[in-house]
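Trainee:
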Amino acid sequence: MTKLIELSGLSVGRAGRPILSDVALELAAGERLALVGPNGAGKTTLLRTILGLEASGGGSIRLFGEECRTEKQFARLRPRIGFLFQDSDDQLFCPTVIEDVSFGPLNLGHDRAAARAMAEEALGRLGIADLAGRISHRLSGGEKRLVCLAGLLAMQPDMLMLDEPTNGVDAGNGERLREALRSFPGAMILVSHDAEFVADLATRAMVVRDGRLLPAEIHDHAHTHRHRHIHVGSGG
Amino acid sequence: MTVIADPRLGLVTALIAIVAVAQLHGLPAATAAFILAAMLGGVTRAGWPLARRLVHVEGFMLLLFVMLPLTMPGEPLARIGPLSVSAEGIALAALVALKVSASVLLLAVLVGSMEPARLGATLHALHVPERFNRLLVMTARYVDLIRAEAQRLRESMRARGFRPRSNRHTWRSYGHLAGMVLIRALDRAERVTEAMRCRGFSGRYPHAAFAPPALRDWTASIAVAVTGLILLAADRL
Chain A
3 MTKLIELSGL SVGRAGRPIL SDVALELAAG ERLALVGPNG AGKTTLLRTI
53 LGLEASGGGS IRLFGEECRT EKQFARLRPR IGFLFQDSDD QLFCPTVIED
103 VSFGPLNLGH DRAAARAMAE EALGRLGIAD LAGRISHRLS GGEKRLVCLA
153 GLLAMQPDML MLDEPTNGVD AGNGERLREA LRSFPGAMIL VSHDAEFVAD
203 LATRAMVVRD GRLLPAEIHD HAHTHRHRHI HVGSGG
Chain B
27 MTVIADPRLG LVTALIAIVA VAQLHGLPAA TAAFILAAML GGVTRAGWPL
77 ARRLVHVEGF MLLLFVMLPL TMPGEPLARI GPLSVSAEGI ALAALVALKV
127 SASVLLLAVL VGSMEPARLG ATLHALHVPE RFNRLLVMTA RYVDLIRAEA
177 QRLRESMRAR GFRPRSNRHT WRSYGHLAGM VLIRALDRAE RVTEAMRCRG
227 FSGRYPHAAF APPALRDWTA SIAVAVTGLI LLAADRL
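Chains as they are written, first to last, in the numbering used here: chain A, 3 to 238; chain B, 27 to 263.
(1) Go through its chain and collect everything with a Cβ distance to A/Thr262's Cβ below 8 Å, but skip five positions before and after it.
(2) Do A/Leu216 and A/Asn175 have their beta-carbon atoms positioned less than 9 Å apart in this structure?
(3) When the cut-off is 9 Å and only beta carbons count, does B/Gly73 lie next to chain A?
(4) Is A/Leu9 closer than 9 Å to A/Ile52 when the C-beta atoms are compared?
(5) In whole angstroms, give me the CA-to-CA distance for B/Ser228 and A/Phe105.
(6) Cα separation between B/Gly67 and B/Ile256?
(7) Using a Cβ-Cβ cut-off of less than 8 Å, list which residues of the region 210 to 231 of chain B approach chain A; keep chain order.
(8) Could you name the residues of the same chain whose beta carbon sits closer than 6 Å to that of B/Leu76, not counting the 5 residues immediately before and after it, in chain order?
(9) What would DSSP say about A/Glu123, mapped onto helix, strand or coil?
(10) For a contact defined as C-beta to C-beta under 8 Å, what are the partners of B/Ala237 on chain A?
(11) When you check each C-beta in the region 153 to 173 of chain B against every C-beta of chain A, which residues fall closer than 9 Å?
(12) Which residues in chain B have a C-beta closer than 7 Å to the C-beta of A/Gln93? List them in chain order.
(13) Is the shortest distance between the beta-carbon of B/Glu84 and the beta-carbons of chain A less than 9 Å?
(14) In three-state DSSP terms, what is A/Thr168?
(15) When the distance is taken between beta carbons, is A/Leu154 closer than 9 Å to B/Arg225?
(16) Within the continuous alpha helix (DSSP H) that includes B/Pro75, where are the two ends?
(17) Could you tell me whether any Cβ in chain A is nearer than 9 Å to the Cβ of B/Ala234?
(18) Is it the case that the Cβ atoms of B/Leu152 and B/Val38 are separated by a distance below 9 Å?
(19) Would you say the region 168 to 185 of chain B touches the region 203 to 220 of chain B, given that touching needs at least three Cβ pairs under 8 Å?
(20) What is the C-beta distance between A/Ala152 and A/Val200, in whole angstroms, given that I count them as a contact (C-beta under 8 Å)?
(21) If the criterion is Cβ atoms closer than 9 Å, does the pair B/Leu121 and B/Ser110 meet it?
(22) Rounded C-beta distance between B/Val163 and B/Arg79? I'm assuming under 8 Å.
(23) Whose C-alpha, out of B/Ala43, B/Ala246, B/Leu258 and B/Gly254, is nearest the C-alpha of B/Asp32?
(24) Leaving aside the five residues before and after B/Val126 along the sequence, list all residues of the same chain whose C-beta is less than 7 Å from its C-beta, in chain order.
(25) Kindly indicate the opening and closing residues of the beta strand (DSSP E) around A/Leu215.
(26) Span of the beta strand (DSSP E) holding A/Asp24?
(27) Applying the criterion that 16 or more other CB atoms from any shown protein chain within 10 Å of the CB defines a buried residue, is A/Thr72 buried or exposed?
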């Protein structure tokens with residue numbers, strides 16, 4: 003079976019400064035890969051390069067088995083990879099929620115009624131059907147994130163790439179987000195500092211450090227720890 | 027209740043009527059225009075919100091009534107120290123105030139508070155170039171965000187002890203602030219475009235098509251436009 007993403011020997015630089023060098027990565031269907039690493043290590047740059055938003059300085063990018071070099075090649079495959087931006091306001095540009103979620107399906111060539119139905123279905127699946135008529139910039143951080151995700155799911159992508167999805171999301175909407183991602187059948191690349199979130203969702207992890215992409219391990223083990231705490235009431 | 031339900035006709039009618047009002051030279055015609063526009067406003071039963079919108083404008087008009095009589099040369103009506111109040115100035119201020127008020131009323135009644143999305147679709151249907159259209163709609167969407175960004179920058183300046191004064195440091199700091207807001211807006215625009223491309227955008231926004239306007243809309247539109255043109259003709263003859 004062809005890999006969804008295959009990178010080899012990939013390097014990216016900006017203004018003469020290398021950001022990533024000699025990156026190799028393979029992502030198979032159903033895999034949920036977590037990318038971890040310190041701030042500024044190049045995790046977002048890697049995601050943007052995979053989509054052709056950032057020019058690579060060398061190496062090869064294959065998406066769904068096809069070698070991608072030109073904007074035209076990337077543009078054709080981009081809708082199959084749902085990319086959740088770090089800042090929801092970058093993604094939500096339509097005045098109302100339903101218009102924003104229908105934007106993708108309309109670009110895919112669906113007619114207005116079909117696009118609306120797909121948007122409503124995506125909103126319903128995330129349990130936020132009631133947000134449809136709301137003004138997008140007046141939503142809370144968590145609601146914005148869920149609407150962005152609905153905008154991606156409405157396009158029925160084969161995989162998702164999520165850049166810090168839990169940032170600025172309240173606990174209730176965070177649980178909805180997690181539930182939705184858990185039930186997403188496709189593959190996923192997940193960039194997050196939220197260790198618990200990553201451990202819950204990811205099947206595999208890699209670390210970006212000093213411009214390199216290295217394999218990492220997810221393991222679980224029992225914790226034993228000591229701490230001081232306060233007991234209320236009479237001593238016993 | 028709206029006078030013209032179809033947004034395309036509403037926009038075009040408002041444009042014709044306002045252009046006609048803007049060309050008026052005489053006080054009687056301008057007064058008639060204002061009264062007619064107010065009557066049109068009465069038909070919509072918009073009432074208080076409409077009046078409030080007008081009050082916003084009248085603040086600026088008040089400024090005209092202060093400035094123009096003192097600065098227009100002409101027959102002096104009264105003297106305040108070295109300054110003289112001219113009749114021509116008062117007449118001109120009244121003319122401008124009547125025309126502006128009539129135009130604001132027309133715009134509020136005929137175009138109303140059209141949402142940006144609907145405005146985009148309307149301009150598209152009127153064959154306004156897509157680039158110009160998108161500029162307008164995107165500005166409406168992001169102006170709040172950019173304002174909030176500027177506000178945060180200003181607060182952080184204040185938090186570090188900045189107090190605006192009339193000196194070089196203040197001007198330079200405001201220059202930096204304006205520059206930074208522009209740069210951030212540019213970055214934001216870059217990212218919004220990328221997010222749109224990621225969702226398959228290729229340059230044309232898929233707008234909804236409009237149904238043809240109702241007969242009632244045509245009638246109202248023609249009535250308003252013709253009234254405007256008759257006023258203009260009466261003013262000139």
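For every residue, glycine included, the Cβ atom is placed at its ideal position computed from N, Cα and C. Bear in mind that the values here come from a model prediction, so they are computed numbers and not experimental data.
Mentor: Taking the coordinates as given:
(1) Absent from the model: residue 262 of chain A. The displayed extent of chain A is 3 to 238, so no value can be given.
(2) Position 173 of the first sequence holds residue 175 of chain A. Position 214 of the first sequence holds residue 216 of chain A. Taking 9 Å as the Cβ cut-off, A/Asn175 and A/Leu216 do not qualify as a contacting pair.
(3) Locating residue 73 of chain B in the second sequence gives position 47, where the first residue counts as 1. False, the Cβ-Cβ gap to chain A never drops below 9 Å.
(4) As a working note, residue 52 of chain A is residue 50 in the first sequence. As a working note, residue 9 of chain A is residue 7 in the first sequence. Yes; because the gap between Cβ atoms is below 9 Å, this pair is in contact.
(5) Along the second sequence, one-based indexing puts residue 228 of chain B at 202. Along the first sequence, one-based indexing puts residue 105 of chain A at 103. Taking the straight line from one Cα to the other gives about 12 Å.
(6) The count along the second sequence starts at 1 and reaches residue 67 of chain B at position 41. The count along the second sequence starts at 1 and reaches residue 256 of chain B at position 230. Rounded to whole angstroms, B/Gly67 to B/Ile256 spans 19 Å at the Cα level.
(7) Arg214, Arg217, Val218, Glu220, Ala221, Met222, Arg223, Cys224, Arg225, Gly226, Phe227 and Ser228
(8) Taking the first residue of the second sequence as 1, we reach residue 76 of chain B at position 50. Counting only Cβ-Cβ distances below 6 Å, and skipping sequence neighbours, we find Gly67 and Ala134.
(9) The count along the first sequence starts at 1 and reaches residue 123 of chain A at position 121. Three-state DSSP puts A/Glu123 in a helix.
(10) Start at 1 with the first residue of the second sequence, and residue 237 of chain B comes out as number 211. Under the 8 Å cutoff, chain A gives no residues; its nearest Cβ is about 13 Å from B/Ala237.
(11) Val163, Met164, Ala166, Arg167, Tyr168, Asp170 and Leu171
(12) Locating residue 93 of chain A in the first sequence gives position 91, counting from the first residue. Near A/Gln93 (Cβ distances below 7 Å), the residues of chain B are Ala221.
(13) Counting from 1 along the second sequence, the entry for residue 84 of chain B is found at position 58. By this cut-off, B/Glu84 is not an interface position.
(14) Here residue 168 of chain A refers to the residue found at position 166 of the first sequence. It is coil, neither helix nor strand.
(15) Here residue 225 of chain B refers to the residue found at position 199 when the second sequence is read from its first residue. Here residue 154 of chain A refers to the residue found at position 152 when the first sequence is read from its first residue. Cβ distance < 9 Å, so B/Arg225 and A/Leu154 count as in contact.
(16) By one-based count along the second sequence, residue 75 of chain B stands at place 49. B/Pro75 -> alpha helix (DSSP H) spans Trp74 to Thr97.
(17) Numbered from its first residue, the second sequence carries residue 234 of chain B at position 208. Cβ-Cβ to chain A under 9 Å: yes for B/Ala234.
(18) Here residue 152 of chain B corresponds to residue number 126 of the second sequence, with the count starting at 1. Here residue 38 of chain B corresponds to residue number 12 of the second sequence, with the count starting at 1. Yes, the Cβ-Cβ distance between B/Leu152 and B/Val38 is below 9 Å.
(19) yes
(20) Within the first sequence, numbered from 1, the residue matching residue 152 of chain A stands at position 150. Within the first sequence, numbered from 1, the residue matching residue 200 of chain A stands at position 198. Their Cβ separation, rounded to whole angstroms, is 22 Å, which puts A/Ala152 and A/Val200 out of contact at 8 Å.
(21) If you number the second sequence from 1, residue 121 of chain B lands on position 95. If you number the second sequence from 1, residue 110 of chain B lands on position 84. For B/Leu121 and B/Ser110, no; Cβs fall outside 9 Å.
(22) Looking up residue 163 of chain B in the second sequence gives position 137. Looking up residue 79 of chain B in the second sequence gives position 53. In fact, because the Cβ distance is near 22 Å, the residues do not count as touching under 8 Å.
(23) Your numbering for residue 32 of chain B matches position 6 in the second sequence. Measuring from the Cα of B/Asp32, the nearest candidate turns out to be B/Ala246.
(24) Numbered from its first residue, the second sequence carries residue 126 of chain B at position 100. Closer than 7 Å at the Cβ level, and outside the excluded window around B/Val126, lie Val83 and Met87.
(25) Looking up residue 215 of chain A in the first sequence gives position 213. Segment Arg214 to Ala218, the beta strand (DSSP E) holding A/Leu215.
(26) Position 22 of the first sequence, counting from 1, holds the residue named residue 24 of chain A. Segment Arg19 to Leu29, the beta strand (DSSP E) holding A/Asp24.
(27) Sequence index remark: in the first sequence, residue 72 of chain A carries index 70 (1-based). So A/Thr72 ends up on the exposed side.
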